[in-house]
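Student: In the numbering used here, the protein residues as written are 832 to 946.
Cβ atoms here follow ideal geometry from the backbone N, Cα and C, with glycine treated the same way.
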Amino acid sequence: MQDSDLDDLFATARRHSVGASPDLMARVLADAEAFQPRSAALRAVPKPRRWAALLAAIGGLPALAGLSTATLAGLWIGFADPTGVNVVTDMILASSEVTETLDVMPAYDDFLIEG
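1) Per DSSP, what kind of secondary structure is L873 in: helix, strand or coil?
2) Between which two residues does the alpha helix (DSSP H) harbouring S835 extend?
3) By how many angstroms is the C-alpha of R874 removed from the C-alpha of Q867?
4) Report the three-state DSSP secondary structure of D921 (helix, strand or coil).
5) Quick check on DSSP: helix, strand or coil for A938?
Structure, rendered in structure tokens:
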């Protein structure tokens, strides 16, 4: 087979170009449309409730558990009236001694005093 024979075959193929049948093209396009992504229907997002918003603001359930524990501990200490604390506060409040305080942070007036 010569190069001229190939050229003749290619020229014949160009003249008689066979395209896809319209029926085939319609089926291919129908399949393509079936696989196109469709947007999902948008749902309205419910407005967060006040308690849910408060819970989210403080840090969720772990923070709520910590706050609850601290609150219960404070109530328990307040109502249980621990004896050790009473002894210490009685010693401080019932003493008739006057204690002198040392001012480690002098005021501006202290620098103005001459003498």
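Tutor: In short, the structure shows the following:
1) coil
2) D834 to R846
3) 21 angstroms
4) helix
5) coil
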